[in-house]
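The block underneath contains the structure these notes are about, expressed in structure tokens.
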Amino acid sequence: MAEIKKITKAEQQGQTKIRTVPVAVTPEGFWCCPSPVAFQKTLKSHNSLHKPKHSPPTTDKKPAEKEKEKEKEKRPSSTTIRSVIASDEQQQQSNPEETTHHSIAVPVTVQERPERQKVETLPRKVAIEFGEPGSSDAKVILVGKQGFCVKLSVHKKVLVDHSSFFAKKLSEKDSVFACLEIESCEDAEIYVETVGLMYCKDMKQRLMKQSVTRVLRVLNVAELLGFGSCVQSCLDYLEAVPWVGEEEEEKVISSILRLKTEGVSVVTTPVLKRVASSSVDPPKETLSRIIELVLRSKEEKSRREMKSIVLKLLREQNGNNVAENFNETIYSSCQSCLDTVLSLFRQAEETDAKQIGVEADNLTWLLDVLAERQAAEEFSVTWANQKELALLHEKVPLVSRYHISRVTSRLFVGIGRGELLPSKDTRLLLLTTWLQPLFKDYNWLQHGCRSFDGKLVEEGIGRTILTLPLEDQQRILMSWLGSFLNGGDGCPNLQRAFEVWWRRSFVRPYSDRQGSGVSQTDSTSKE
Numbered sequence: 069m070a071e072i073k074k075i076t077k078a079e080q081q082g083q084t085k086i087r088t089v090p091v092a093v094t095p096e097g098f099w100c101c102p103s104p105v106a107f108q109k110t111l112k113s114h115n116s117l118h119k120p121k122h123s124p125p126t127t128d129k130k131p132a133e134k135e136k137e138k139e140k141e142k143r144p145s146s147t148t149i150r151s152v153i154a155s156d157e158q159q160q161q162s163n164p165e166e167t168t169h170h171s172i173a174v175p176v177t178v179q180e181r182p183e184r185q186k187v188e189t190l191p192r193k194v195a196i197e198f199g200e201p202g203s204s205d206a207k208v209i210l211v212g213k214q215g216f217c218v219k220l221s222v223h224k225k226v227l228v229d230h231s232s233f234f235a236k237k238l239s240e241k242d243s244v245f246a247c248l249e250i251e252s253c254e255d256a257e258i259y260v261e262t263v264g265l266m267y268c269k270d271m272k273q274r275l276m277k278q279s280v281t282r283v284l285r286v287l288n289v290a291e292l293l294g295f296g297s298c299v300q301s302c303l304d305y306l307e308a309v310p311w312v313g314e315e316e317e318e319k320v321i322s323s324i325l326r327l328k329t330e331g332v333s334v335v336t337t338p339v340l341k342r343v344a345s346s347s348v349d350p351p352k353e354t355l356s357r358i359i360e361l362v363l364r365s366k367e368e369k370s371r372r373e374m375k376s377i378v379l380k381l382l383r384e385q386n387g388n389n390v391a392e393n394f395n396e397t398i399y400s401s402c403q404s405c406l407d408t409v410l411s412l413f414r415q416a417e418e419t420d421a422k423q424i425g426v427e428a429d430n431l432t433w434l435l436d437v438l439a440e441r442q443a444a445e446e447f448s449v450t451w452a453n454q455k456e457l458a459l460l461h462e463k464v465p466l467v468s469r470y471h472i473s474r475v476t477s478r479l480f481v482g483i484g485r486g487e488l489l490p491s492k493d494t495r496l497l498l499l500t501t502w503l504q505p506l507f508k509d510y511n512w513l514q515h516g517c518r519s520f521d522g523k524l525v526e527e528g529i530g531r532t533i534l535t536l537p538l539e540d541q542q543r544i545l546m547s548w549l550g551s552f553l554n555g556g557d558g559c560p561n562l563q564r565a566f567e568v569w570w571r572r573s574f575v576r577p578y579s580d581r582q583g584s585g586v587s588q589t590d591s592t593s594k595e
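Residue numbers (the numbering used here): 69 to 595.
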């Protein structure tokens with residue numbers, strides 16, 4: 069196990085900081101992928117060096133000592149990173165027998181600074197070295213940000229066999245001992261690990277111990293170095309490992325799509341198949357099958373949960389990437405539910421209350437789906453024209469029929485929210501056909517349906533009424549007033565709509581407002 073030793077003297081001078089980094093050396097005399105934790109600790113220690121330190125209280129010194137300190141601070145160092153590396157290489161070539169050199173001290177050029185600047189605040193450099201200089205015939209120097217330098221003792225043959233980038237660079241070198249420098253290296257840690265993977269016989273086993281994020285970093289560096297077998301191993305790993313969360317999935321997909329390595333488009337197909345399908349099964353058929361399975365489920369809890377999930381997913385898509393003719397499938401399902409309800413209502417006394425409840429819940433859910441897709445107007449037309457169903461309503465026991473009024477309530481809520489904009493004739497027909505049945509079922513809706521929101525429904529009914537011509541508003545609200553005075557809390561409270569209609573009709577008629585320049589629309593919006 070090779071190690072990087074601390075340079076105590078240099079550390080005291082505030083020039084260089086070298087941490088001990090464990091390195092597993094292979095039989096060839098090279099490291100085998102240094103520990104990521106150890107490397108990160110080294111980087112962390114380096115970053116902490118730039119933080120200002122509090123100097124201890126100073127004691128009175130003699131004038132002669134003060135003058136010596138000032139001269140020492142003024143004296144610049146002419147040694148740079150490259151000069152130290154060059155001298156180190158010369159020493160290696162002149163003394164090939166010395167193969168136990170595991171660290172380098174890298175002083176930094178210090179510019180002249182004001183006299184009062186403390187030594188502790190001067191910039192420091194960190195240098196670490198991997199490999200066995202005595203057995204290598206090439207060096208790769210990674211110069212990172214803030215002077216972080218990593219020196220790799222490597223072998224030409226290994227680099228040329230695995231990396232097209234290094235093969236090209238080494239072909240330009242005529243000397244026996246080659247030295248390659250990569251400046252502005254943003255991810256020195258991963259460069260070290262990627263070069264180390266060139267010495268690993270089983271890269272897959274090594275990558276199994278890494279996270280998806282780290283493998284993506286390795287993939288990026290491997291592509292830059294033209295390390296084809298490493299790119300392939302990373303892609304094999306990404307194809308097999310689970311991706312945790314949408315954020316990680318997006319990282320993988322974006323990284324794969326950015327790959328520009330020659331021939332990668334064929335290799336990446338297995339990875340992308342996880343999120344893209346070449347299946348000939350049209351989306352409409354798949355969605356139709358999902359809708360059918362949900363509607364025909366016999367398990368109430370599972371059916372309710374899947375309705376919530378499907379609606380949420382469709383809401384997230386907001387109509388995007390969903391088959392355009394998917395609405396036809398939903399309307400077909402609506403008609404099937406309506407036919408079943410009508411058949412059950414025709415049986416009058418023999419009606420199945422539970423089945424009517426299921427079909428009413430299905431219709432309400434399908435209406436939610438259509439409202440999310442801004443395609444519920446046609447449903448409102450269909451429901452407003454269900455005159456036979458409305459006539460049979462009184463003949464069916466209250467315990468069974470009140471479920472159907474949930475559909476009417478949902479339509480009024482949708483119109484009140486602006487989720488659907490049916491024509492005036494449709495709105496009037498809807499109120500004429502279904503408002504009285506809703507009044508009769510309202511008490512049961514409040515007490516028999518857990519998800520029923522009376523305030524929301526009352527607001528929706530009132531707003532729907534107020535969209536009609538004033539004469540229609542008066543007729544419907546006068547009818548409501550009689551029901552409300554007789555039914556009390558068992559009838560929807562439309563007092564807010566009643567007040568608006570009253571002001572429109574009696575307080576300031578429209579004919580009186582024409583001369584004042586205030587439009588009917590403006591007055592209505594204020595109300």
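Using N, Cα and C, we set each Cβ at its ideal position, and we do this for glycine too.
Note that the structure is a prediction, hence the values are computed from the model and not measured.
Can you say whether residue 380 is buried or exposed, counting buried as having 16 or more other CB atoms within 10 angstroms of its CB?
exposed
I need the boundaries of the beta strand (DSSP E) containing residue 247, first residue and last residue.
Counting along the chain, residue 247 sits inside the beta strand (DSSP E) bounded by residues 246-253.
In the DSSP assignment, find the unbroken alpha helix (DSSP H) run with residue 482 in it and report its ends.
473-485
Run through the DSSP bridge pairs and tell me what residue 197 is partnered with.
219
Indicate whether residue 283 and residue 306 have their beta-carbon atoms separated by less than 8 Å.
yes
Residue 211 bridges to which residues according to DSSP?
The partner list for residue 211 (beta bridge, DSSP) reads 217.
Note down, one range per segment and in chain order, each beta strand (DSSP E) of at least 3 residues found wholly within the stretch 486-559.
none
For residue 527 and residue 337, what's the separation of their Cα atoms in angstroms?
54 Å
Pull up the DSSP beta-bridge partners for residue 206, would you.
Residue 206 is bridged to 222, 246.
At the level of alpha carbons, what is the spacing between residue 473 and residue 365?
Taking the straight line from one Cα to the other gives about 22 Å.
Suppose the cutoff is 7 Å on Cβ atoms and the five residues either side in sequence are ignored; what does the same chain contact list for residue 304 look like?
272
Alpha carbon to alpha carbon, how far is residue 407 from residue 553? Give it in angstroms, no decimals.
In this model, residue 553 and residue 407 are separated by some 36 Å (Cα to Cα).
Are three or more beta carbon pairs between the stretch 370-379 and the stretch 449-464 nearer than 8 Å?
no
Check each candidate in 564, 256, 280, 239 and name the one with the smallest Cα separation from residue 197.
When only C-alpha atoms are compared, the closest one is 256.
Please give me, in chain order, every unbroken run of the beta strand (DSSP E) with length at least 3 that falls completely inside the stretch 353-407.
none
Tell me the rounded alpha-carbon separation between residue 212 and residue 356.
56 Å
Evaluate the contact criterion for the stretch 535-546 versus the stretch 509-523: three or more CB pairs, one atom per stretch, below 8 Å.
They do not touch, by the three-pair rule.
Work out the CA separation of residue 399 and residue 360 for me, nearest whole Å.
12 Å
Could you tell me the alpha carbon to alpha carbon distance between residue 652 and residue 530, rounded to whole angstroms?
Given that the chain is displayed from residue 69 to residue 595, the structure contains no residue 652 and the question cannot be resolved.
With DSSP run on the structure shown, which of helix, strand or coil describes residue 575?
helix
By a C-beta neighbour count over all protein chains shown, 10 Å radius and 16 as the cutoff for buried, is residue 494 buried or exposed?
buried
Please report how far the alpha carbon of residue 430 lies from the alpha carbon of residue 363, in whole angstroms.
Cα to Cα, residue 430 sits roughly 6 Å from residue 363.
Spatial neighbours of residue 339 within its chain, please: CB distance less than 7 Å, with the 5 preceding and 5 following residues excluded, ordered by chain position.
303, 306, 307, 324
Are residue 205 and residue 224 closer than 8 Å when you measure CB to CB?
yes
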